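Q:
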Amino acid sequence: MYFNKNGFVQIKANDNLKIKGSITISLWVRPFYNNKNEIISFKTSAGGTYSGYEILSTSLGATEDFSINYGHWWTTGDDVTVIKQWVNIIYVYDENSQTDRAYRNGKLLGTSPKTVDSSNMKYPDYMYIGNGYNGYIDDIRIYNRALSESEILSL
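Quick note on my numbering: the sequence shown kicks off at 8 and runs consecutively.
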């Protein structure tokens, strides 16, 4: 789906989207220049307060960073050239091992120890996709479990 910074998709959030605990988020993006906006987020309104999980896009010129928030911020931070190219972004939080991992195009970008007190997460009624985003977003998948490495490579 193409977004031109002016529109977004608003989805009524049901309990299947209000994940607490282990989670995997996978999506394909094809960003254009000058992004600093939400790819996917839970908010009280399109311009409102964040709650739940979100993935943001920040581009400076021809490079792109992706930031992921699920109890704390994770930034890919490697500023690779992905403008006008399809990129698969995957974020995994494993509650059992208390670690999170981020991937770009199947390549592990890093892992870190993390504890999320998801019992305090208060999800609003709506999920937003493409709020202020400039580019394409496709094949969003949200799992209520941590996918394994082999499952991630098969996406």
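Positions of the beta carbon are idealized from the N, C-alpha and C atoms, including for glycine.
These numbers come from a predicted model, not from an experiment.
Buried or exposed: D145, going by 16 or more other Cβ atoms within 10 Å of its Cβ?
A: Exposed, because fewer than 16 other Cβ atoms sit within 10 Å of the Cβ of D145.
Q: Can you list, in chain order, the residues of its chain with a C-beta nearer than 6 Å to that of I47? Leave out the 5 residues immediately preceding and following it.
A: Within the same chain, I47 has close Cβ partners I62, I136.
Q: To the nearest angstrom, how far is it from the Cα of N76 to the Cα of V16?
A: If you take the alpha carbons of N76 and V16, they lie about 20 Å apart.
Q: By how many angstroms is the C-alpha of F39 removed from the C-alpha of S161?
A: Taking the straight line from one Cα to the other gives about 26 Å.
Q: Determine whether the beta carbon atoms of Y140 and T31 lie at a separation below 8 Å.
A: No, they are not a contact pair.
Q: Can you give the Cα-Cα distance for M4 and S155, rounded to whole angstroms?
A: In this structure the chain extends from 8 to 162, so residue 4 is not present and cannot be described.
Q: Considering Cα atoms alone, identify which of D132, Y100, N44 is closest to N23.
A: Closest by alpha carbon: D132.
Q: Considering Cα atoms alone, identify which of I18, S104, Y110, N13 is closest to S29.
A: Measuring from the Cα of S29, the nearest candidate turns out to be S104.
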